[in-house]
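Just so you know, we're using the numbering used here here: the sequence shown kicks off at 2 and counts up by one. Where is the CB? At the ideal position from N, CA and C, for every residue including glycine. Note that the structure is predicted; figures quoted are calculated from it, not measured. The block underneath contains the structure these notes are about, expressed in structure tokens.
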Amino acid sequence: MRGTGVDYYLHDLVPGRAEETLVAGESAGRWTGRGSAALGLGGLVDGPGLAEVLAGRDPAGGRVLRHTRGSRPVSGFDLTFCAPKSVSVLHLLAPAELGAAAGGSHEAAVTDAVNYLERNGLGVRRVRTGEVRHLSTTGAVAAGFVHRTSRALDPHIHTHLVAANVAQGVDGTWSALDSRRLFLHRRATEAVYDASLRHHLSAAAGVGWHRGPSGGWVVDGVDPVLSRLFSQRAASIDEHAYRAGGSSSTGTRRIAFHADRPDKERGRTVDGLRSGWRHRAASMGLDLGDLVRVIGRGHVLPGRHPVDPASLESGLAHLAATRTRVSGRDLVVAVADAAPGGLPAGGAERAATALGAESTELGRGREGVGADAWDPTHLVDAVRADPGLVSRAVEGRLAGRAVDVPERDEAAARTLGRSAAFGHRGPDGGLLER
2 MRGTGVDYYL
12 HDLVPGRAEE
22 TLVAGESAGR
32 WTGRGSAALG
42 LGGLVDGPGL
52 AEVLAGRDPA
62 GGRVLRHTRG
72 SRPVSGFDLT
82 FCAPKSVSVL
92 HLLAPAELGA
102 AAGGSHEAAV
112 TDAVNYLERN
122 GLGVRRVRTG
132 EVRHLSTTGA
142 VAAGFVHRTS
152 RALDPHIHTH
162 LVAANVAQGV
172 DGTWSALDSR
182 RLFLHRRATE
192 AVYDASLRHH
202 LSAAAGVGWH
212 RGPSGGWVVD
222 GVDPVLSRLF
232 SQRAASIDEH
242 AYRAGGSSST
252 GTRRIAFHAD
262 RPDKERGRTV
272 DGLRSGWRHR
282 AASMGLDLGD
292 LVRVIGRGHV
302 LPGRHPVDPA
312 SLESGLAHLA
322 ATRTRVSGRD
332 LVVAVADAAP
342 GGLPAGGAER
352 AATALGAEST
362 ELGRGREGVG
372 ADAWDPTHLV
382 DAVRADPGLV
392 SRAVEGRLAG
402 RAVDVPERDE
412 AAARTLGRSA
422 AFGHRGPDGG
432 LLER
């Protein structure tokens, strides 16, 4: 984000009763992140306060939190967490209890993703006498805005996490964020959100999951025709890309996304839109009452691993075919994507820590790897040698080794000879909680 434009987040909402029901309407923004608390920001977001932190100032007294360089400095980052269309359909068109479960699961997953980001993806740089130091921060200064419709006014629950480009380093000094580190952890943060959403909604309603056409996880029992019916925005982007040359590449679709982006109509209410959504479904012969059939389809069988070893091995084998080194954040993505029913908070990090440690043990005597990178072939060997390893790590059941979500001091991490992203090694070489 450049500039301090906050109108879209504060005013471009489709009104309803979101605060009461977690279902209808779009919510006013709320402050989130430990950095917000450090500045005394909490509760509902107000325009002046958000504008001040995006401008790099403390709202309480105008203290400068970052030095501005250039004519168009980066003021913040819009980190957008989008639920699968099948979850959005449940949230806005299923009976009230199921809809509230979907909405609550989304918001809990965003919280888990923000916590992951604060542990791993937020950092600052310090340059003194030519030496660059990378430090962790005390947390994000961010405002979360839950929107429930797409620009085409279809069901689409998503949260805009507006993170100001300011942070307090562990040295006590405020400055701009290290954006490179933030972007390095983008995919892992997304994966943590996705896995957490599956975990929370599975726990709340017992839903099951399967791979959709695009490879992502979707809710069992939601008619794919219903999902496509309420994906007008995606269809419009596809049509624009086709007319522009027929390419389906990411770059072409990104151009189409911006070129074909309509303004959101503010004169509609979610209750009014709902009537139209139901009429549209009925015209296609779809009964929205059937959505309750998703409940109870995903009960985990006794002895079933939360992380599917075959899926994880397949994902790691793909990495092995394309890379010589895999980072901790890559492991978080691979583990999270291999969990059909999702993972609880910190689960992907615990599993990635254990998997990295086990592959290091198996790799002794062979070509070594760095403290925060692994040979992917060793990772595949580790899964084959012990298929239940990552699942036990997710559940915190590794005999003789305590594995937990780590702290974030990279300098200390490298001194101790372990991953910058995960726990630390004790005297016997095992991974310990800090």
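If you ignore the 5 residues before and after Leu178, its C-beta comes within less than 6 angstroms of the C-beta of Asn166 and Ala168, all in its own chain and listed in chain order. Residues Ala335, Pro377, Leu380, Val381 and Val384 of the same chain have their beta carbon placed closer than 7 angstroms to that of Leu317, with the five preceding and five following residues left out of the count. Here the segment 53 to 61 makes contact with the segment 76 to 90; the two share three or more CB pairs at distances below 8 angstroms.
A Cβ-Cβ contact shorter than 8 angstroms links Leu198 with Ala84.
Nearest in C-alpha terms to Thr69, of all of Gly4, Ala97, Leu93 and Val90, is Gly4. Scanning Ala52, Gly36 and Ala29 for the CA closest to the CA of Met2 turns up Ala52. Only residues of its own chain outside the window of five on either side were considered, and among them Val308, Val336, Val391, Ala394 and Val395 have a CB closer than 7 angstroms to the CB of Ala352, listed in chain order. Taking C-beta separations shorter than 7 angstroms and ignoring five residues to either side along the sequence, the partners of Gly100 in its chain run Val24, Leu91, His92 and Leu93, following chain order.
Cβ contact annotation for Thr160 (same chain, cutoff 6 angstroms, sequence separation greater than five): Phe82, Val111, Gly145 and Val147, in chain order. Taking Ser203 as the centre and dropping the five residues before and after it, the same chain places the C-beta of Gly299, Gly342 and Gly343 closer than 7 angstroms to its C-beta, in chain order. Buried is the label assigned to Ala192, since at least 16 other Cβ atoms lie within 10 Å of its Cβ.
About 5 angstroms separates the beta carbon of Asn121 from that of His186, a gap short enough to meet the 8 angstroms contact definition.
The DSSP-derived three-state label of Val88 is helix. Contact between Thr33 and Leu118 is ruled out by a C-beta separation of about 11 angstroms, above the 8 angstroms threshold. A distance below 8 angstroms separates the beta carbons of Arg35 and Ala141.
Collapsing the DSSP output to three states places Leu162 in a strand.
As DSSP reads the structure, Trp210 sits in a beta bridge with Val220. No Cβ-Cβ contact shorter than 8 angstroms links Leu313 with Ala349.
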